[in-house]
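Asks: Following this message is one structure expressed as structure tokens.
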Amino acid sequence: MKLKFFIVSVALCLFNLNAVDAATSSSAADAPPTFAFNPEGLAKPAAMKCMQWIDVLETERNKADCIGNFQAFKAFSKEISATIGGKYGISSRRATPEEAMALSYSITRTRHKFCGKRNMLTDFYGAGEVGGLESHHKGHLAAVLGIDTMVTKAMDDEDFADQWSAVKPNTPAAESFINAVKASAQLQEKGSLVAALEQSLMSFLRTRQEVIATAKEVFDVFAPKLSLNKIYDKQIVSREMYRGWAVEGAKAFTYPVNLTAEENADNPGLESILRAGCIKDLGDGYSFDVYCRSAIASFVSGDVTNKISIQDIMLLEYVYYECLDEFFVGRIRGEGPRRLFLSRTTNSSLVGTLRKYHYKISEDKLLNIHRYLSVCMCKSLTERLLSDELALLVALGNPTAIRVYAVGLFNDVIGIERNVPKAIKLLREAADLGDDFAVKNLPNFLSDYAVWLFDGENGISRDIPKAFELYREAASFGHVEAQRNLRISLSEYARWLFDGENGIKQNIPKAIDTFREAAVLGEEYAERNLASALSKYADFLSKGEEGVEKDMSKAINMCRDAVDLGDEDAIINLPKYLSNYGAWLFFGKNGIEKDIPRAIDVCREAVILGSADARRNFPKLVSSFSFSLFHGSDGIEKNIPKAIEMCREAADLGNENAISNLHKMLSRYSDWLLKGQNGIKKDIPKAIECCREAAALSDEDAIRNLPIILNKYALALFDGKDGIAVDLPKAIEIFREASDLGGEHAKLNLPTFLNNYAFWLFNGDNDVEKDMPKAIEMCKEAKSLRNRSAETNLPIFLLNYAVCLFRGENGIEQNFAMAVKVCREAAELGNEEAIANLPTMLAAMH
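Mind the numbering: the sequence shown is residues 8 to 853 in our numbering, read in order.
Here it is as structure tokens:
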């Protein structure tokens, strides 16, 4: 049943494989037998399939692990991880059951070796910006992130390990599990990356419980921190199944299946009896599920009980990377690496995965490593630091040995040449490998080293930038003292930089930046002094003093910052700087390149801030700028609308030249708009607007031209010419305005157009909506202006309207009283038909 569940689960796995892979993958045995690997520059051969590449790399990584080449081990791990992460492209093809097991193996095994490493997804799996990735690629990375996070959390949380594969979807326990994984991912990876993958991660955790259970099976085999003591207490004493975790340094229990020569001599046959006991325990179904960091698998040969298939039994040989006390049988201690047995009768896929990556190294090599560990860990601290065994263990990548050696290098132990930078490097490495002491104390060492670097003491040469780098790193781990020292040191260093004290070369710009950083971190001294420093720096920049090159633009920026921080000197100086700088920009003086538009903006700001000089000079500068804009002179590109805008501003400020020029500019601009000349696009409405404004300013040409332009505009509105849409009511309105202004053509045109418009309104002609009352109104106005056609049409319009009112026709609501009134008006104008109909209408009212 368990095997069936596993196969179904893998079929649903989120893992996707390289686009160049075929439907099946090859094992390491199918790969070329030899590779000349350069661990620093690995690249998959073009013809090799993705899973085949991973198989080959896994084999090489196991070799590197066994022979103690940690740098090669790391390089192979990163290439394996990058391949899984999508280095060679991701396809939509689902992984086979064997491939899924192998991928879970690689993720789990890598995390076991790099227990304390953060940002694994970016540093090892190559995941960078994931926002633009397709959903299936995000799902794949979320699966990698999920499994890696669960392994990391389980290494420190036994309760979490117990519930890992036990939770079921859509239960409170499952939600608690999911939230725990998500929170752990945020701690271990970059927040932005987790946020980008959050939706895919939550989907994986909620819907892929079977995949998670598969990863748990791999995890149980390669757990990095084993307490053999707990196994002994549970399985041997209490006869219970143990499935948990413990910390490094726990006591260990193993069967001493390899006896020393003396033990064999004193106890003939005991070795065979002990080995037979191991096989019997295995045959009785005892299964050791949790194992330590480096396990080399080989398969048991010989007769075994029929209860277990020989293919599913493996002997795991261990090299203890920590010094563990050992339980032993009586006085029998044995020798060499200890052995435990693993039985997996229900999951042949897992056995196949482990078998595929097995690399058998010589018994002598294992014994030598074990011997070195035993000898080194029994020596005193000083002896250990001086020993060849420690050097070997450091080379093997043993985290405890690396940490011990690093502490010796840092603390100047007798016989060890002190090397603090190397000590820090090794402590980081030990922390990445999960050494608890290194993880907890690395910030302390970083902080201490930073202090020595900053002060140049304890035999360390002063290197302030490096000190800040280390302070920042220690502070990022939450080290309170480093956070405090960073703020204080930044502030102090800023003062030295500003004044050129304490052997520090004066560098005011850098001082300002340093003050800012300290202020952001909450250092009160920096907050108080930043404003003053900015104000002083602005003064130096404005005058070119204190070795600072003169730079008014930068001086103003610094002064603004100081003003924002409330510096009183800066508040006084900023208007002066702006006023002077504006003048220099306008005239191109004092080494400042001429820039009139920028000068205007700067002077305007000075005026707003209360500069008396700027207030006095600004109108003159604006007027001059408007003149240059209008004529395109003084290197200024012609811009007539902006010229008029500037001239208005100067005129409003009382500049006489601007007052004199404004109406002229408006009048000329109006003429160019009317005719479409001088590079100006024809725009009659805009021309009228400018001409009106010029006329209001008593410009004689504008006063004379306005009725002419209005008449042209009205004609265009009537005929729909010059790009102007027909608008008869507006045309009449414009004709009236032109006529009122004395326009002769308008006076002649208005009666005719009123009469024509009235005729179209009365009859609904010429796309004009029928409107008898309005038609009569227009006709009356035309008649008043002595239009003969209007005199003839008006009585006819009145009679017809009266009839419609009397009868309620043509959309006119019946109204006898109004009909009588309109008919009487027509009759009074001499319309005979109206005279004849009036009595009938009067009679109808009674």
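All residues carry an ideal CB built from backbone N, CA and C; glycine is no exception.
1) Count the other CB atoms within 10 Å of the CB of Pro802; is the residue buried (16 or more) or exposed (fewer)?
2) Grab the span of the alpha helix (DSSP H) containing Ala860 for me, first residue to last.
3) Buried or exposed: where does Ile615 fall if 16 or more other Cβ atoms within 10 Å of its Cβ makes it buried?
4) Less than 8 angstroms between the beta carbons of Gln193 and Phe184, yes or no?
5) Specify whether the region 443 to 453 and the region 465 to 485 touch according to this definition: at least 3 beta carbon pairs, one from each stretch, less than 8 angstroms apart.
6) Just verifying my parser: in three-state terms, what is the DSSP assignment at Ile695?
7) Can you check DSSP and say which residues form a bridge with Ile519?
8) If you drop the 5 nearest sequence neighbours on each side, which residues of the same chain put their C-beta closer than 7 angstroms to that of Thr156?
9) Roughly how many whole angstroms lie between the Cα atoms of Ala526 and Gln684?
10) Are Ser111 and Ile154 closer than 8 angstroms when you measure CB to CB?
11) So, for Ile519: in the same chain, excluding its five sequence neighbours on each side, which residues have a beta-carbon less than 7 angstroms away from its beta-carbon?
12) Between the beta-carbon of Lys719 and the beta-carbon of Ile691, is there less than 8 angstroms?
13) State the Cα-Cα distance for the pair Tyr412 and Leu397, rounded to the nearest angstrom.
14) Quick one: using the 10 Å Cβ neighbour count with 16 as the cut-off for buried, is Met852 buried or exposed?
15) Exposed or buried, which one is Ala843 when buried takes at least 16 other CB atoms within 10 Å?
16) Once you ignore the five residues that flank Ile599 on each side, which residues in its own chain have a CB closer than 7 angstroms to its CB?
17) Please classify Leu204: is it buried, with 16 or more other beta-carbons within 10 angstroms of its beta-carbon, or exposed?
18) First and last residue of the alpha helix (DSSP H) that includes Gly92?
19) On a Cα-Cα basis, can you pick out the residue from Ala89, Lys51, Thr389 that is closest to Asp419?
20) Under the three-state reduction of DSSP, which class applies to Leu266: helix, strand or coil?
21) Which residue from Leu433, Ser454, Gly146 puts its Cα closest to that of Arg491?
22) According to DSSP, simplified to helix, strand and coil, what is Val733?
23) Can you give me the start and stop residues for the alpha helix (DSSP H) that Glu396 sits inside?
24) Does the distance from the CB of Ala701 to the CB of Leu681 come in under 8 angstroms?
25) DSSP three-state call for Trp171: helix, strand or coil?
26) How is Asn794 classed by DSSP in three states: helix, strand or coil?
27) Which same chain residues, not among the five before or five after Asp576, have their C-beta less than 7 angstroms away from its C-beta?
28) Measure the beta-carbon distance from Ile431 to Leu392 and round it to whole angstroms, keeping in mind my assumption that it falls under 8 angstroms.
29) With a CB to CB cut of under 7 angstroms and the five nearest residues on each side skipped, what residues in its chain are close to Gly595?
30) With burial defined as no fewer than 16 other Cβ atoms inside 10 Å of the residue's Cβ, what is the status of Thr159: buried or exposed?
31) Tell me, to the nearest whole angstrom, how far the beta carbon of Arg68 is from that of Ser84; I am working on the premise that it is less than 8 angstroms.
32) Would you say the region 662 to 669 touches the region 622 to 632, given that touching needs at least three Cβ pairs under 8 angstroms?
33) Considering just the uninterrupted stretch of the alpha helix (DSSP H) at Ile471, what are its terminal residues?
34) Go ahead and label His670 buried or exposed: buried means 16 or more other beta carbons lie within 10 angstroms of its beta carbon, across all protein chains shown.
35) Does the structure place the region 571 to 586 close enough to the region 601 to 612 that three or more beta carbon pairs sit under 8 angstroms?
Replies: In terms of the structure at hand:
1) Reading the sequence shown from its first residue, position 795 is the one you call residue 802. Classification for Pro802: buried.
2) Residue 860 lies beyond the stretch modelled for the chain, which goes from 8 to 853, so this question has no answer here.
3) The residue you call residue 615 lines up with position 608 of the sequence shown. It is exposed - the Cβ of Ile615 has fewer than 16 other Cβ atoms within 10 Å.
4) What you label residue 193 is simply residue 186 of the sequence shown in a count that begins at 1. What you label residue 184 is simply residue 177 of the sequence shown in a count that begins at 1. No, these two residues do not count as a Cβ contact at 8 angstroms.
5) yes
6) Here residue 695 refers to the residue found at position 688 of the sequence shown. The answer is helix: DSSP assigns Ile695 an H, G or I state.
7) Position 512 of the sequence shown, counted from the start, is the residue given in the question as residue 519. The partner list for Ile519 (beta bridge, DSSP) is empty, contrary to what the question assumes.
8) The count along the sequence shown starts at 1 and reaches residue 156 at position 149. Cβ within range, chain order: Val188, Ser191, Ala192, Gln195.
9) Along the sequence shown, read from residue 1 onward, the residue named residue 526 stands at position 519. Along the sequence shown, read from residue 1 onward, the residue named residue 684 stands at position 677. Straight-line Cα distance between these residues: approximately 60 angstroms.
10) Walking along the sequence shown from the start, residue 111 turns up at place 104. Walking along the sequence shown from the start, residue 154 turns up at place 147. Yes.
11) Translated into positions along the sequence shown, residue 519 becomes position 512. The residues are Ala540, Leu541, Tyr544.
12) For the purposes of this step, residue 719 is identified with residue 712 of the sequence shown, where counting begins at 1. For the purposes of this step, residue 691 is identified with residue 684 of the sequence shown, where counting begins at 1. Yes. Within cutoff.
13) Counted from its first residue, the sequence shown places residue 412 at position 405. Counted from its first residue, the sequence shown places residue 397 at position 390. Distance between the alpha carbons of Tyr412 and Leu397: 8 angstroms.
14) In the sequence shown, the residue the question calls residue 852 occupies position 845. It is exposed - the Cβ of Met852 has fewer than 16 other Cβ atoms within 10 Å.
15) Residue mapping note: residue 843 aligns to position 836 of the sequence shown, counting from 1. By the neighbour-count rule (16 or more Cβ atoms within 10 Å), Ala843 is not buried but exposed.
16) The count along the sequence shown starts at 1 and reaches residue 599 at position 592. Excluding positions up to five away in sequence, the list reads Met559, Trp591, Leu592.
17) The count along the sequence shown starts at 1 and reaches residue 204 at position 197. Its Cβ being crowded by 16 or more others within 10 Å, Leu204 is buried.
18) In the sequence shown, counting from the first residue as 1, residue 92 sits at position 85. 77 to 92 is the extent of the alpha helix (DSSP H) around Gly92.
19) Locating residue 419 in the sequence shown gives position 412, where the first residue counts as 1. Here the closest residue by C-alpha is Thr389.
20) As a working note, residue 266 is residue 259 in the sequence shown. If DSSP states are grouped into helix, strand and coil, Leu266 belongs with coil.
21) Counted from its first residue, the sequence shown places residue 491 at position 484. Answer by Cα proximity: Ser454.
22) As a first step, residue 733 is located in the sequence shown; it is residue number 726 there, counting from the start. It is coil, neither helix nor strand.
23) The count along the sequence shown starts at 1 and reaches residue 396 at position 389. For Glu396, the enclosing alpha helix (DSSP H) starts and ends at 395 to 402.
24) Taking the sequence shown and counting its residues from 1, the one referred to as residue 701 is at position 694. Taking the sequence shown and counting its residues from 1, the one referred to as residue 681 is at position 674. For Ala701 and Leu681, no; Cβs fall outside 8 angstroms.
25) Numbered from 1 along the sequence shown, position 164 holds the residue referred to as residue 171. Coil.
26) For the purposes of this step, residue 794 is taken as residue 787 along the sequence shown, with counting starting at 1. Coil.
27) Taking the sequence shown and counting its residues from 1, the one referred to as residue 576 is at position 569. The residues are Ser542.
28) By one-based count along the sequence shown, residue 431 stands at place 424. By one-based count along the sequence shown, residue 392 stands at place 385. Not confirmed; about 17 angstroms, so no contact.
29) Numbered from 1 along the sequence shown, position 588 holds the residue referred to as residue 595. Excluding sequence neighbours, Gly595 sits near Lys601.
30) Looking up residue 159 in the sequence shown gives position 152. Counting every other CB atom within 10 Å of its CB across the protein chains shown gives Thr159 a total of 16 or more, marking it as buried.
31) By one-based count along the sequence shown, residue 68 stands at place 61. By one-based count along the sequence shown, residue 84 stands at place 77. About 6 angstroms separates the two Cβ atoms, so the contact holds.
32) Contact between the region 662 to 669 and the region 622 to 632 is present, because at least three Cβ pairs lie under 8 angstroms.
33) Reading the sequence shown from its first residue, position 464 is the one you call residue 471. Run containing Ile471: 471 to 483, per the alpha helix (DSSP H) assignment.
34) Here residue 670 is taken as the residue at index 663 of the sequence shown, counted from 1. Result: buried.
35) yes
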